[in-house]
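S.K.:
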């Protein structure tokens with residue numbers, strides 16, 4: 039299931055980023071949050087993040103026999119980073135849109151305190167986690183080098199993955215990995 043999971047996660051990431059690109063207005067958070075296409079896209083993006091976690095585990099299982107400790111670190115980094123940014127995505131999709139409806143003036147306030155720490159740590163952990171996963175995959179040598187490098191670059195660009203178009207890089211890398219895994223039989227380890 040590694041290939042189809044990666045393909046599905048990447049495809050959804052790309053589609054959502056393309057749909058959201060003309061909608062997201064950083065100067066009008068209320069208008070953006072009240073846009074129906076934005077709300078639907080947020081839900082689909084959250085599903086993509088859930089698939090991304092499953093794809094990471096499944097892809098790791100294809101290379102676990104060669105990945106070593108660094109592979110485990112890369113997997114944990116990708117999982118933790120995706121969980122953190124997925125939590126941020128859930129908050130933006132469900133709670134911020136709720137606030138836009140009942141207390142839109144809150145969206146004009148500058149964030150501070152723990153919310154800033156949580157947001158920045160989410161962005162950093164996502165970017166670092168996926169870069170580590172790509173580096174660990176490169177080191178394991180199971181996936182093509184170009185795909186592993188694309189995962190590293192997509193991960194680093196993913197620092198801003200919740201703002202289009204920055205998630206497209208990792209989405210493209212996951213589509214590429216997914217197609218490769220579907221076309222390439224898994225190595226049988228005895």
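Numbering (this note's numbering), first residue to last: 39 to 228.
For each residue, glycine too, the CB sits at the ideal point set by N, CA and C.
Helix, strand or coil, according to DSSP, for residue 59 in the structure here?
M.R.: Annotated three-state conformation of residue 59 is coil, per DSSP.
S.K.: Whole angstroms are fine: how far does the CA of residue 127 sit from the CA of residue 217?
M.R.: Each residue's Cα considered, the two are about 26 angstroms apart.
S.K.: So residue 39 is in the alpha helix (DSSP H); what residue range does that whole segment cover?
M.R.: Segment: none, residue 39 is in no alpha helix (DSSP H) and carries neither H nor E.
S.K.: Helix, strand or coil: which one does DSSP assign to residue 204?
M.R.: coil
S.K.: Which residue from 182, 58 and 90 puts its Cα closest to that of residue 123?
M.R.: 90
S.K.: Evaluate residue 154 with the Cβ neighbour count: other Cβ atoms within 10 Å of its Cβ, from every protein chain shown; 16 or more gives buried, anything less gives exposed.
M.R.: Taking all protein chains shown into account, residue 154 has fewer than 16 neighbouring C-beta atoms within 10 Å of its C-beta and is therefore exposed.
S.K.: Among 82, 40 and 100, which has the Cα closest to the Cα of residue 179?
M.R.: 100
S.K.: Quick one: what does DSSP say residue 224 is sitting in, helix, strand or coil?
M.R.: In this structure, residue 224 counts as coil in the three-state DSSP scheme.
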